Amino acid sequence: MDYNIGDIVKMKKPHPCGSKEWKIVNIGDLSTFECVKCGHLMSMNREKAMKAITKKID
719 MDYNIGDIVK MKKPHPCGSK EWKIVNIGDL STFECVKCGH LMSMNREKAM
769 KAITKKID
């Protein structure tokens with residue numbers, strides 16, 4: 719599946735604030751995501767990110 723900067727995706731595990739929705743801030747070998755609920759930034763490698771994402775939210 720193709721993802722673009724600014725897309726909102728749903729992850730398997732929730733953030734401690736309770737949200738499973740993340741906004742894509744940067745895409746590359748190390749992708750960066752921003753929690754939609756609290757604004758926390760998180761980075762993970764591409765392989766781990768592809769396993770963690772369950773779906774793209776329109």
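With the working numbering applied, the sequence shown covers 719 to 776.
Note that the Cβ used here is the ideal one computed from N, Cα and C, for glycine as well.
Since the model is a prediction, treat every value here as computed from it, not as a measurement.
Which word fits Met768, buried or exposed, when buried means at least 16 other C-beta atoms lie within 10 angstroms of its C-beta? Result: exposed.
Among Asp725, Gly736 and His733, which one has its Cα closest to the Cα of Val743? Restricting attention to Asp725, Gly736 and His733, the CA atom closest to the CA of Val743 is found in Asp725.
Where Lys749 falls, given that 16 or more other Cβ within 10 Å makes a residue buried: For the sequence presented, residue 749 should be read as Ser rather than Lys. Counting Cβ neighbours within 10 Å, Ser749 comes out buried, since at least 16 surround it.
Cα-Cα separation between Asp720 and Lys738, rounded to whole angstroms: Between Asp720 and Lys738, the C-alpha separation is close to 19 Å.
Assuming Ile745 contacts Ile771 under a Cβ cut-off of 8 Å, what Cβ separation, rounded to an integer in Å, is found between them? Actually they do not touch by this definition, with Cβ atoms about 12 Å apart.
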